[in-house]
Amino acid sequence: MIQLKEYTIPFVGLKQGLHQFEYQIDNTFFEHFEYDEFNSSAVKVDMEFNKKTTLLELQFKATGTVNVNCDLTNEPFDLPIKNEFFLVVKFGDEYNDENEELLIIPHGEYEVNVQQYIYELIVLAIPSKRVHPGVENGTLQSDILKKLEELSPKEKTNVNNNEETDPRWDKLKNLLNDKQ
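Okay, so the sequence shown: first residue is 5 according to my numbering, each after it adds one.
In structure tokens form, the structure reads like this:
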């Protein structure tokens, strides 16, 4: 993965205290990660960069929308996202990013790249099941929804002794009865 210059922060020249950074993220950002799950994206990432004497504190806040396809109907829709992430950057003997909330960089480093953290912040804000809001409230009219309704299992039939059975299992039950 190529590190993009606009996401590299040279903190050595910054004064101690709070600094603000703002990033506008679209699909060209995700192309660098070879991530193509979004039809389009418009996400704003605000980052507060607090430089202290022995460490750096980074507070990420992402808000915006990504256009994705519904998992049920495959209809595209704009999904609003909102996510936050806090990262502490400390200095040590060698690079270590094993802890997700703590990054250790060597003492001689003078810059930190935040593109991976922005990528994860946005991707992890997406729910695992993406359902069109029109499906949830019943306003979406789609051929796929009509077909799903048509193919859904019908009500169970009643047998003589008032047991409810599914007609698909009757043939299998006959196989068991024939063996005896």
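Using N, Cα and C, we set each Cβ at its ideal position, and we do this for glycine too.
Can you say whether L83 is buried or exposed, counting buried as having 16 or more other CB atoms within 10 angstroms of its CB?
buried
Over what stretch of residues does the alpha helix (DSSP H) that includes N31 continue unbroken?
N31 to E35
Rounded Cβ spacing between Q24 and E52 (contact assumed at less than 8 Å)
6 Å
First and last residue of the uninterrupted beta strand (DSSP E) at E61:
From DSSP, the beta strand (DSSP E) with E61 extends over L59 to N73.
Note down the Cα distance separating N178 from S156, rounded to an integer number of angstroms.
Each residue's Cα considered, the two are about 25 Å apart.
Considering only the alpha carbon of each residue, which of N100, I85 and K86 lies closest to V92?
Comparing C-alpha distances from V92 to each of N100, I85 and K86 shows the shortest one belongs to N100.
Where does G17 fall in DSSP's three states?
helix
According to DSSP, what are the bridge partners of D185?
An answer regarding residue 185 cannot be provided, because it is not within the stretch 5 to 184 covered by the chain.
Name the DSSP beta bridge partners of N100, please?
I108
With DSSP as the reference, label L176 as helix, strand or coil.
helix
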